[in-house]
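Novice: In this note's numbering, the protein residues as written are -5 to 328.
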C-alpha cells in the first residue's frame, strides 16, 4: 500500500485500539477500512483510501465498502481518495465525479486536506538553501546554547510527548488525541520501525518532542510540540531541520510536514501560525481531495454533524476540567 494509513501495521494499531478493521482487495484495488462509532452512530472510515488507479477500480472498491457498511448497519462511508485515484486528473472534475457517485463533502476532514512536502531526492545543500536562512542558522548554531538532540524507538518515551501536547491543547483550546491512542501508537508502530520520536533537550529539560512515521519512502511529521517556557531557543526549528536531513540519509524520498492552511487562507485562519512555520522549511504545498461521505442511511446521516459537534464540545469541556484538576493537585500536593 502507498501510505501508512492503508498499511498492515496501521491495521494492527487500529485493532489494538479495539476497533474492527476490514482489509479487502480485488482486481487492482485494495483498502483498509475502520468501523467507527460513538453516541449511537456507526460509520466505515477508509483513511487516505481506497488504493485505486482507475475509475473502474474506485467503483469496485466503493461497491465492496457499501456492502460491508450495510452489513454493519453503518450510517455512512467516509473515504479520502488521493488525487491520483484515477477519477480525473483535474481536482474540480474529480470532485464532480465523486458527487456523481452520491458522495458529498464531509462536514470535517479526518486528515489534513493541505500539506507541505519536501523533496528529499535533491542534493542536501539544495534542500538547506530552500529553507529560511534563520532555520539554517539555528540548526548550525543551537549547540552553542547547550541544546542536544536524541531520537528514540522506546515506547515508554511517548510519555515525554504527552505533557507537551496537553499544554498546547489547553493553550489553544482544542481536543488532542487521547493518551491511550498515543501510547498505542508507540507500542504498536515503534517495534515495526514505522514510528520514531525526536527529542530536543536543555540539560535534563525536554524542550521539544516530535513523533514521525516512516513508510514507503515518506516521513510524516505526525505530532509534536515545544515547551512554551523555552520557546525563544527555537529548538523546534533546529529539530525539524535535523529530522529532514536524517530522513534523506535514510534514503526516504519526501518529508511530509503535515497539515497547513489553504493557499488562499488569510492571517486570521487558525492554522496560519504553524503554516508559516512549516513553509519556512521550503518544499511545495500539496492538496488532497479531503474527506468524502457516502450516506447509507440518509436521515441518520443528516443528524451526524450535530451529534459529532456535541461530542466534541463534551470532550473539550472534559479536557479543560481534567487540566484544572491536575493543576490543583500539583498546587496543593494532594
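Even glycine gets a Cβ: it sits at the ideal position worked out from N, Cα and C.
Is it the case that the segment 149 to 161 contacts the segment 171 to 178, given that we only count it when at least three CB pairs across the two stretches are under 8 Å?
Specialist: Taking 8 Å as the limit for Cβ pairs, the verdict is that the segment 149 to 161 does touch the segment 171 to 178.
Novice: Can the beta-carbon of residue 88 be found closer than 7 Å to that of residue 97?
Specialist: Position 94 of the chain shown, counted from the first residue, corresponds to residue 88. Position 103 of the chain shown, counted from the first residue, corresponds to residue 97. Contact flag unset, no.
Novice: Measure the Cβ-Cβ separation of residue 119 and residue 235 and say whether it is below 7 Å.
Specialist: Residue mapping note: residue 119 aligns to position 125 of the chain shown, counting from 1. Residue mapping note: residue 235 aligns to position 241 of the chain shown, counting from 1. No, Cβ-Cβ distance for residue 119 and residue 235 is not below 7 Å.
Novice: Write down every uninterrupted run of the beta strand (DSSP E) in the segment 135 to 199 whose length is 3 residues or greater and which is fully enclosed by it, in chain order.
Specialist: Counting whole runs of 3 or more residues, the segment 135 to 199 contains the beta strand (DSSP E) stretches 141 to 146 and 189 to 196.
Novice: Kindly indicate which three-state DSSP category residue 290 falls into: helix, strand or coil?
Specialist: In the chain shown, counting from the first residue as 1, residue 290 sits at position 296. Residue state, collapsed to three classes: coil.
Novice: Does the beta-carbon distance from residue 115 to residue 247 come in below 7 Å?
Specialist: For the purposes of this step, residue 115 is identified with residue 121 of the chain shown, where counting begins at 1. For the purposes of this step, residue 247 is identified with residue 253 of the chain shown, where counting begins at 1. Cβ atoms of residue 115 and residue 247: closer than 7 Å.
Novice: For the segment 139 to 156 against the segment 188 to 203, are there 3 or more C-beta pairs whose distance is under 8 Å?
Specialist: Yes: the two stretches touch, three or more of their Cβ pairs being nearer than 8 Å.
Novice: Would residue 14 pass as a contact of residue 38 if the rule is Cβ separation under 7 Å?
Specialist: Here the question's residue 14 lines up with position 20 in the chain shown. Here the question's residue 38 lines up with position 44 in the chain shown. Cβ atoms of residue 14 and residue 38: not closer than 7 Å.
Novice: According to the neighbour-count rule (16 or more other Cβ atoms, all chains shown, within 10 Å of its Cβ), is residue 215 buried or exposed?
Specialist: As a position in the chain shown, residue 215 is number 221, starting the count at 1. Classification of residue 215: buried, given that the 10 Å Cβ count is 16 or more.
Novice: Rounded C-beta distance between residue 209 and residue 182? I'm assuming under 8 Å.
Specialist: Looking up residue 209 in the chain shown gives position 215. Looking up residue 182 in the chain shown gives position 188. Not quite, the Cβ-Cβ distance comes to about 14 Å (not below 8 Å), so this is no contact.
Novice: Which of the three DSSP states, helix, strand or coil, is assigned to residue 331?
Specialist: Look at the range of the chain in this structure, -5 to 328, and you will see that residue 331 is not part of it.
Novice: Pull up the distance between the alpha-carbon of residue 5 and that of residue 26, whole angstroms please.
Specialist: Here residue 5 refers to the residue found at position 11 when the chain shown is read from its first residue. Here residue 26 refers to the residue found at position 32 when the chain shown is read from its first residue. Taking the straight line from one Cα to the other gives about 7 Å.
Novice: Per DSSP, residue 249 forms a beta bridge with which residues?
Specialist: If you number the chain shown from 1, residue 249 lands on position 255. Looking at the DSSP assignment, residue 249 forms a beta bridge with 112 and 213.
Novice: Apply the 10 Å Cβ neighbour rule to residue 328 and answer buried if 16 or more other Cβ atoms are within range, or exposed otherwise.
Specialist: Taking the chain shown and counting its residues from 1, the one referred to as residue 328 is at position 334. For residue 328, the pLDDT reaches just 38, beneath the cut-off of 50, and the residue's location in the model is therefore unreliable, leaving the point undetermined.
Novice: For the putative contact between residue 79 and residue 46, defined by C-beta atoms under 8 Å, what is the C-beta separation to the nearest angstrom?
Specialist: By 1-based counting over the chain shown, the position of residue 79 is 85. By 1-based counting over the chain shown, the position of residue 46 is 52. Contact holds; Cβ gap of about 5 Å.
Novice: By how many angstroms is the C-alpha of residue 154 removed from the C-alpha of residue 199?
Specialist: As a position in the chain shown, residue 199 is number 205, starting the count at 1. As a position in the chain shown, residue 154 is number 160, starting the count at 1. Roughly 10 Å separates the two Cα atoms.
Novice: So what's residue 38 in DSSP terms, helix, strand or just coil?
Specialist: Reading the chain shown from its first residue, position 44 is the one you call residue 38. Here residue 38 sits in strand by DSSP.
Novice: Relative to the C-alpha of residue 91, which residue among 59, 49, 67 and 64 is closest?
Specialist: The residue given as residue 91 occupies position 97 in the chain shown. The residue with the shortest Cα to Cα distance from residue 91 is 49.
Novice: If distances are taken between C-alpha atoms only, which option among 63, 251, 266 and 203 comes closest to residue 289?
Specialist: Numbered from its first residue, the chain shown carries residue 289 at position 295. It is 63.
Novice: First and last residue of the alpha helix (DSSP H) that includes residue 29?
Specialist: The residue you call residue 29 lines up with position 35 of the chain shown. No alpha helix (DSSP H) holds residue 29; the beta strand (DSSP E) holding it covers 24 to 32.
Novice: Leaving out five residues before and five after residue 320 in sequence, what residues of the same chain have Cβ atoms less than 6 Å from its Cβ?
Specialist: Taking the first residue of the chain shown as position 1, residue 320 is located at position 326. Because residue 320 sits at a pLDDT of 47, beneath the cut-off of 50, its placement in the model cannot be relied upon, and the point is left open.
Novice: Give me the residue from 10, 105 and 151 with the minimum Cα distance to residue 41.
Specialist: Within the chain shown, the letter at position 47 stands for residue 41. Looking at the Cα atoms, 105 is the closest of the given residues.
Novice: Let's test the definition: count the other Cβ atoms within 10 Å of the Cβ of residue 134 and tell me whether it reaches 16, buried, or not, exposed.
Specialist: What you label residue 134 is simply residue 140 of the chain shown in a count that begins at 1. Burial call: exposed.
Novice: What whole-angstrom Cβ distance do residue 277 and residue 126 have, given they're in contact under 8 Å?
Specialist: On the chain shown, residue 277 is found 283 positions in, with the first residue counted as 1. On the chain shown, residue 126 is found 132 positions in, with the first residue counted as 1. So it is not a contact: roughly 12 Å between Cβ atoms.
Novice: Over the uninterrupted beta strand (DSSP E) stretch that includes residue 269, give me the two end residues.
Specialist: Residue mapping note: residue 269 aligns to position 275 of the chain shown, counting from 1. Run containing residue 269: none in the beta strand (DSSP E); it sits in the alpha helix (DSSP H), 266 to 273.
Novice: Output yes or no for whether 7 Å exceeds the beta carbon distance between residue 132 and residue 231.
Specialist: Locating residue 132 in the chain shown gives position 138, counting from the first residue. Locating residue 231 in the chain shown gives position 237, counting from the first residue. It is a contact, given that the beta carbons lie within the stated cut-off.
Novice: Rounded to whole angstroms, what's the CA-CA distance from residue 291 to residue -3? Just pull it up for me.
Specialist: As a first step, residue 291 is located in the chain shown; it is residue number 297 there, counting from the start. As a first step, residue -3 is located in the chain shown; it is residue number 3 there, counting from the start. Each residue's alpha carbon lies about 30 Å from the other.
Novice: Taking Cβ to Cβ, would you say residue 250 is nearer than 7 Å to residue 111?
Specialist: Position 256 of the chain shown, counted from the first residue, corresponds to residue 250. Position 117 of the chain shown, counted from the first residue, corresponds to residue 111. Result yes, Cβ atoms of residue 250 and residue 111 sit closer than 7 Å.
Novice: So residue 52 and residue 295 are supposed to be a Cβ contact under 8 Å. How far apart are they, rounded?
Specialist: The residue given as residue 52 occupies position 58 in the chain shown. The residue given as residue 295 occupies position 301 in the chain shown. Contact flag wrong, Cβ pair sits at about 21 Å.
Novice: What distance in whole Å lies between the Cβ atoms of residue 190 and residue 152, which are believed to be in contact at a cut-off of 8 Å?
Specialist: Within the chain shown, the letter at position 158 stands for residue 152. Within the chain shown, the letter at position 196 stands for residue 190. So it is not a contact: roughly 11 Å between Cβ atoms.
Novice: Alpha carbons only, please: which of 252, 31, 228 and 56 is nearest the one belonging to residue 67?
Specialist: Against the chain shown, residue 67 aligns to sequence position 73. For residue 67, the nearest C-alpha among the options comes from 31.
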